[in-house]
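Presented below is the structure to which this report refers.
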Amino acid sequence: MKKTIVVLLLFGFAICAFKEIRGIYFRYPSYWPKPIYNFNKNQLTTEKTFLGRVLFYDPILSKDSNISCASCHSQHTAFSQINHSYSKGINHQIGKRNAPALINLAWNSSFMWDGAVNNLEMQALAPMSNPTEMNETIGHVADKMKHTTIYPKLFYKAFGDSAINGERVLKCITQFMLSLVSCHSKYDSVMEKQAKFTQQEERGYLLFKKNCSSCHKEPLFTNDKFENDGLPINKTLNDVGRMLITHDSANYLQFRVPTLRNIQISYPYMHDGRFSNLVQVLNHYTKGIVRSNSLAKPLLKPILLTNNDKKNLIAFLSTLSDTTFITEKQYSFPVFVN
Amino acid sequence: MMRIVKMIFLIMLLWLIGSETVMAQKVLEFHPSYGKDLVYLADSSYQSNDEDSITITQFRFYISDIELWNDKNKTWEEHNFHLINANEYQTLRISLAIPDDIVYDKIKFKLGIDSLTNVSGAMGGDLDPMKGMYWTWQSGYINVKLEGNSPLCKTRNNAFEFHLGGYHTPFNCLKTVTLPIIKSDNIKLYIDLKKALSSINLKMTNQIMTPSKLAVDISEKIAKAFETRL
């Protein structure tokens, strides 16, 4: 009796071990830290990632079938906002927020500028249900999908049966978002010793390490924390950031440190899109810091940059642009034969 | 092919386990009530016929981590999540695999969803966000939804709406309910909404849609409304 159990268990483990093999859509350089996302409960497969990609580009997720995730997160701009007038922010943040680039999300521990979303799998619910955005419920979306010809087939391919439910929809969209790894910039080639910075980029890199990398930490260019980087509060929007979630005044005006990968193409900048170019951003860090109790420590001492320094810094920041990422076919509008 | 092999493996394993313990299905019933009245909402809303003139249109809540205790010892437990919905009769009865020889004099359970589950991403069954018990603009389960009308509420249609949840301190709304019970194949629990609502100042407090101090207080009041009627 005991023997049979052992044999059966071993057999079971062997089957599980096969499932460990990850889809080809998640690769990252060996010198990067391990992702934070827990892949065990949502193992990547080609079929699920593809289904997620179809969902990401399908306006079926919105009430009037006009808006898809890609309407606000466009590949050409590293999945950030292409048309500012579209994004009315998320629910309680109507009109306030700028859609961030979707890059290397597997390394984030929370999402949204204020961390309102605690797991990537739950992210899609926010825009889907927002009356000013897609104005849908996940239950109704699942119903609509059941009545299409394509989705039952895609779910069958991905899950082995054609049932459509909230969990499956969310996990597939997540798989696609996880696949959005940007790691083919010039910076990456330099780190892997396959390219060299120009003299100007090298100088910019040194300035960056001195002034910026405590928050925009390499190699992901974010420390995954909330910080107050001294932006003056916009009086009409009155967006207090992280404090909205924690109700703790220590979090006043703190926002999630965004990645700077692909920063040159993902303008406008900051949670409210207040800056339209990088010179304005640097001017903020040198001249615009507003002091308050929650101002981040590294910014207590003024950042001094000459005009030349600024040029050098921007030259370095442009090495974070990844053309492979914004042209990758696996990320683009899915064309498929039914 | 792999699926069939896995099925066979599962069936054999289940059969092995099944052959060794005697499983007995016991029923735990929830009866939402208003004083003595039962509040079932499947066909229509509930209208109280006392001076409160309360209408209840929606009442649903999560129950998790059910345990049985005998004096100071835990004698049985399960770790499932159950969505109980006064609009859907079938959810008011849950079957529990309690072996016949288990003794107990108390039942203990959580009203709501624990913080670990709250940060664990998308889940299925009763936890599927399709069930409408998940906040969308800020991650987190809604532990309890109670909606209705009262003349005391100076809101549109005199409506009150309590969506109670939140898993972060200091606004953690998860409550533990402990009740004395007598061993039975059919355990009945009542939730007296009259008791809960009359302890809330509906004039002042009638809309709760986010984690907050008030949400914690009202969760406590709902937890206190659970009772057994012997």
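Residue numbers (my numbering), protein chains in the order written: chain A, 1 to 338; chain B, 1001 to 1230.
Built from N, CA and C at the ideal position, the CB exists for glycine as well.
Small disclaimer: the values here were computed from a predicted structure and weren't measured.
Go to residue i, then tell me how far its alpha helix (DSSP H) extends in each direction, as first and last residue.
{"i": "D188(A)", "result": "186 to 191"}
{"i": "V169(A)", "result": "166 to 178"}
{"i": "R53(A)", "result": "46 to 56"}
{"i": "K329(A)", "result": "From DSSP, K329(A) is part of no alpha helix (DSSP H); its letter is neither H nor E."}
{"i": "A126(A)", "result": "125 to 129"}
{"i": "G139(A)", "result": "138 to 146"}
{"i": "A158(A)", "result": "150 to 159"}
{"i": "F281(A)", "result": "First, the residue type needs correcting, since residue 281(A) is Val and not Phe in the sequence shown. First-last of the alpha helix (DSSP H) with V281(A): 278 to 283."}
{"i": "K310(A)", "result": "307 to 318"}
How far does the beta strand (DSSP E) with residue i in it reach, from first residue to last?
{"i": "L1094(B)", "result": "Residue identity check: residue 1094(B) is Ile in the sequence provided, not Leu. Here the beta strand (DSSP E) through I1094(B) covers 1093 to 1097."}
{"i": "H1031(B)", "result": "1025 to 1034"}
{"i": "Y1190(B)", "result": "1186 to 1192"}
{"i": "Q81(A)", "result": "It is not in any beta strand (DSSP E) - Q81(A) carries neither H nor E in the DSSP assignment."}
{"i": "S1219(B)", "result": "From DSSP, S1219(B) is part of no beta strand (DSSP E) but of the alpha helix (DSSP H) over 1213 to 1224."}
{"i": "P1180(B)", "result": "1175 to 1180"}
{"i": "Q200(A)", "result": "Q200(A) -> not in any beta strand (DSSP E); alpha helix (DSSP H) instead, spanning 199 to 211."}
{"i": "S1064(B)", "result": "1055 to 1070"}
{"i": "T1075(B)", "result": "1073 to 1077"}
I believe residue i touches residue j by the beta-carbon criterion, under 8 Å. Please report the beta-carbon distance rounded to the nearest angstrom.
{"i": "I1098(B)", "j": "L1068(B)", "result": "7 Å"}
{"i": "W107(A)", "j": "D224(A)", "result": "7 Å"}
{"i": "Y28(A)", "j": "C183(A)", "result": "6 Å"}
{"i": "S1150(B)", "j": "N1143(B)", "result": "The Cβ separation is near 22 Å, so there is no contact."}
{"i": "L178(A)", "j": "G230(A)", "result": "No, L178(A) and G230(A) are not in contact; Cβ-Cβ is about 32 Å, not under 8 Å."}
{"i": "I1222(B)", "j": "L1111(B)", "result": "7 Å"}
{"i": "S1064(B)", "j": "F1109(B)", "result": "7 Å"}
{"i": "L317(A)", "j": "I263(A)", "result": "5 Å"}
What does the Cβ neighbour count give for residue i, buried or exposed, with the cut at 16 atoms within 10 Å?
{"i": "R291(A)", "result": "exposed"}
{"i": "S266(A)", "result": "buried"}
{"i": "T323(A)", "result": "exposed"}
{"i": "L220(A)", "result": "buried"}
{"i": "Q123(A)", "result": "buried"}
{"i": "A195(A)", "result": "exposed"}
{"i": "G89(A)", "result": "Residue placement at G89(A) is flagged as unreliable, the pLDDT there being 40, under the threshold of 50; the coordinate-derived value follows with that caveat. G89(A) is buried by the Cβ-count criterion."}
{"i": "Q93(A)", "result": "Residue confidence is low: Q93(A) scores 46 on pLDDT, short of 50, so the model does not pin down where it sits. Its coordinate-derived value is still stated next. With 16 or more Cβ atoms within 10 Å of its Cβ, Q93(A) is classed as buried."}
{"i": "A1215(B)", "result": "buried"}
{"i": "I1054(B)", "result": "buried"}
{"i": "T4(A)", "result": "Confidence at T4(A) is low in this model, with a pLDDT of 47, below 50, so its placement is unreliable and the value that follows should be read with caution. Per the 10 Å Cβ criterion, exposed."}
{"i": "F111(A)", "result": "buried"}
{"i": "N40(A)", "result": "exposed"}
{"i": "K193(A)", "result": "exposed"}
{"i": "G160(A)", "result": "exposed"}
{"i": "V335(A)", "result": "exposed"}
{"i": "M270(A)", "result": "buried"}
{"i": "S1219(B)", "result": "buried"}
{"i": "T222(A)", "result": "buried"}
Beta-carbon within less than 7 Å of residue i's beta-carbon, same chain only, minus the 5 sequence neighbours each way: which residues are those?
{"i": "T1183(B)", "result": "The question names Thr, but residue 1183(B) is Lys in the sequence shown. If we look at K1183(B) and ignore the five residues flanking it on each side, its Cβ neighbours are V1103, Y1104."}
{"i": "D272(A)", "result": "K96, R97, N98, N234, L237, D239"}
{"i": "Q75(A)", "result": "I326, Y331, S332"}
{"i": "M145(A)", "result": "I60, Y151, I164"}
{"i": "S85(A)", "result": "Residue confidence for S85(A) is low, a pLDDT of 46 falling below 50, so the modelled location carries little weight; the figure read from the coordinates is stated next. The answer is none, since no qualifying residue turns up."}
In chain order, what residues of the same chain lie with their CB nearer than 6 Å to the CB of residue i, ignoring the 5 residues before and after it?
{"i": "R203(A)", "result": "N312"}
{"i": "G1035(B)", "result": "K1194"}
{"i": "E20(A)", "result": "With a pLDDT of 33 at E20(A), under the threshold of 50, the predicted position of this residue should be treated as unreliable, and no value is reported."}
{"i": "N342(A)", "result": "Since the displayed chain A opens at 1 and closes at 338, residue 342(A) lies outside it and no answer follows."}
{"i": "M1209(B)", "result": "H1163"}
{"i": "L1230(B)", "result": "none"}
By Cβ distance, which residues of its chain are closer than 8 Å to residue i, with the 5 residues on each side in sequence left out?
{"i": "K1131(B)", "result": "L1083"}
{"i": "T137(A)", "result": "M128, S129"}
{"i": "V141(A)", "result": "I60, L61, M128, V169"}
Return yes when the Cβ of residue j is within less than 8 Å of the Cβ of residue i, no when it is not.
{"i": "R256(A)", "j": "W32(A)", "result": "no"}
{"i": "F1160(B)", "j": "S1212(B)", "result": "no"}
{"i": "S1033(B)", "j": "I1191(B)", "result": "yes"}
{"i": "G1148(B)", "j": "T1057(B)", "result": "yes"}
{"i": "T259(A)", "j": "N104(A)", "result": "yes"}
{"i": "T1136(B)", "j": "P1180(B)", "result": "no"}
{"i": "E47(A)", "j": "A158(A)", "result": "yes"}
{"i": "F1081(B)", "j": "D1128(B)", "result": "no"}
{"i": "C1173(B)", "j": "N1206(B)", "result": "no"}
{"i": "L120(A)", "j": "Y25(A)", "result": "no"}
{"i": "P127(A)", "j": "C69(A)", "result": "yes"}
{"i": "Q175(A)", "j": "L44(A)", "result": "yes"}
{"i": "S1115(B)", "j": "Y1062(B)", "result": "no"}
{"i": "L207(A)", "j": "L304(A)", "result": "no"}
{"i": "M1123(B)", "j": "E167(A)", "result": "yes"}
{"i": "F56(A)", "j": "I173(A)", "result": "yes"}
{"i": "E201(A)", "j": "A78(A)", "result": "no"}
{"i": "L125(A)", "j": "Y1134(B)", "result": "yes"}
{"i": "K1106(B)", "j": "T1178(B)", "result": "yes"}
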